Amino acid sequence: MSFVEYGELMKEGDTAIIFLGHDSMFPVKVQHGSQTQTKYGVIRHSADLIGKPFGSKVTCSKGGWVYVLHPTPELWTVNLPHRTQILYSTDISMITMMLELKPGSVVCESGTGSGSLSHAIIRTIAPTGHLYTVEFHQQRAEKAEEEFREHKVGHLVTVKNMDVCKSGFGVTDVADAVFLDIPSPWEAIGHAKEALKVKGGRICSFSPCIEQVQRTCLALEEHGFTELDTLEILLRVYDVRTVSLPIADLGAGTPSSLPCPAPQGVAQFKSGVPLKEVVGHTGYLTFATKSLF
Numbered sequence: 029m030s031f032v033e034y035g036e037l038m039k040e041g042d043t044a045i046i047f048l049g050h051d052s053m054f055p056v057k058v059q060h061g062s063q064t065q066t067k068y069g070v071i072r073h074s075a076d077l078i079g080k081p082f083g084s085k086v087t088c089s090k091g092g093w094v095y096v097l098h099p100t101p102e103l104w105t106v107n108l109p110h111r112t113q114i115l116y117s118t119d120i121s122m123i124t125m126m127l128e129l130k131p132g133s134v135v136c137e138s139g140t141g142s143g144s145l146s147h148a149i150i151r152t153i154a155p156t157g158h159l160y161t162v163e164f165h166q167q168r169a170e171k172a173e174e175e176f177r178e179h180k181v182g183h184l185v186t187v188k189n190m191d192v193c194k195s196g197f198g199v200t201d202v203a204d205a206v207f208l209d210i211p212s213p214w215e216a217i218g219h220a221k222e223a224l225k226v227k228g229g230r231i232c233s234f235s236p237c238i239e240q241v242q243r244t245c246l247a248l249e250e251h252g253f254t255e256l257d258t259l260e261i262l263l264r265v266y267d268v269r270t271v272s273l274p275i276a277d278l279g280a281g282t283p284s285s286l287p288c289p290a291p292q293g294v295a296q297f298k299s300g301v302p303l304k305e306v307v308g309h310t311g312y313l314t315f316a317t318k319s320l321f
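Start counting the sequence shown at 29; every next residue gets the next number (this note's numbering).
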């Protein structure tokens, strides 16, 4: 099992996602002799998981069943243990596109946090790219490094425990892209410029407050970055339902002064209505390009 390569059969030490429904799933580490309790009963790892294909429908001890899924960055994002606030797939997809990430890209990231974005970046740049991720908090850095090894992507990422605002990323002139998710990104713009390749390269900064965006944009301009662009991704979900309405025969040619005939039958059609409560602002994404000159 690897987060960047699909494995057919579950093995000891693999991470699997137990899927009970769209609003109920959780990760487990597959181990000989272990058991996992669900609302449908017990899953016995040795008998029910090890050696079985990912995607299998597993019957629990109470007769209910679950699906056991191969982990992906998207599934990990909604199941990971939160050590910090994280980025979700809506913002991650925009970051991946706007930073022009692809297999072979070299990326610098700060801070690592819970590793949500890190896993998505690694999957995108594999098998020949590399991620240099910097985390200020020592325990979070150590935990992230441990998870990368368990998920079989340790060879694609280097975790550094340091203050990026003071010490930078520890690399120079190698990165195709830089991502910043720190309280004061403007203090790290100079180090980001040093980490980017000599000519070109993209940078993205995630900030929840517009005041942070303003200071970051000023720092980007001072360091010669161009094509500054700030985006806000708002997700709006529609509730699609079937609506039944009577069909009114308005009577072609009937004078408007005469009453309309009675409705003739009922028609059904699909109606889309936005939810009354929607997830609003998550943060601002500021993108810029290192000057080619």
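The beta-carbon is built from N, C-alpha and C at its ideal position, and this holds for glycine as well.
These figures come from a predicted structure and were not determined experimentally.
Buried or exposed by the 16-neighbour rule on C-beta atoms within 10 Å, applied to residue i
i    : result
G252 : exposed
Y160 : buried
P213 : buried
F54  : exposed
F297 : exposed
A276 : exposed
Q167 : exposed
S272 : exposed
E268 : Correcting the residue identity first, residue 268 is Val in this sequence and not Glu. V268 should be labelled exposed.
G308 : exposed
E175 : buried
A172 : buried
Residues near residue i by beta carbon distance below 8 angstroms, same chain, minus five either side
i    : result
I78  : M38, K39, E40, V58, H60
L256 : C245, L248, E249, T314, F315, A316
Three-state class that DSSP yields for residue i in the structure shown
i    : result
D42  : coil
P109 : coil
S195 : helix
C136 : strand
L103 : helix
T244 : helix
A276 : coil
K298 : strand
S233 : strand
E260 : strand
E128 : coil
D201 : coil
Of the listed residues the options, nearest to residue i (C-alpha basis)
i    : options               : result
M125 : H165, R269, L313      : L313
V185 : V162, K194, T200      : V162
Q63  : G132, C88, R269, M190 : C88
F82  : T66, Y68, V56, G91    : V56
S30  : A154, H73, D119, S235 : A154
Own chain partners of residue i with C-beta closer than 7 angstroms, once the 5 adjacent residues on each side are dropped
i    : result
K221 : H251, K318
M122 : L259, I261, L313
G293 : I275
Cutoff 6 angstroms; reference residue i; Cβ partners in own chain excluding five residues on either side
i    : result
C136 : Y160, F197, A203, V206, A223
V199 : Y160, A223
S142 : L108, H110, R111, T112, I114
V301 : D267
Jot down the residue ranges of each uninterrupted beta strand (DSSP E) in the stretch 143-193, minimum 3 residues, whole runs only, in chain order.
-> Listed in chain order, they are 158-163, 185-189.
Entirely within the stretch 43-84 and at least 3 residues each: give me those beta strand (DSSP E) ranges in chain order.
-> Listed in chain order, the complete beta strand (DSSP E) runs (minimum 3 residues) inside the stretch 43-84 are 43-49, 52-57, 63-66, 69-72.
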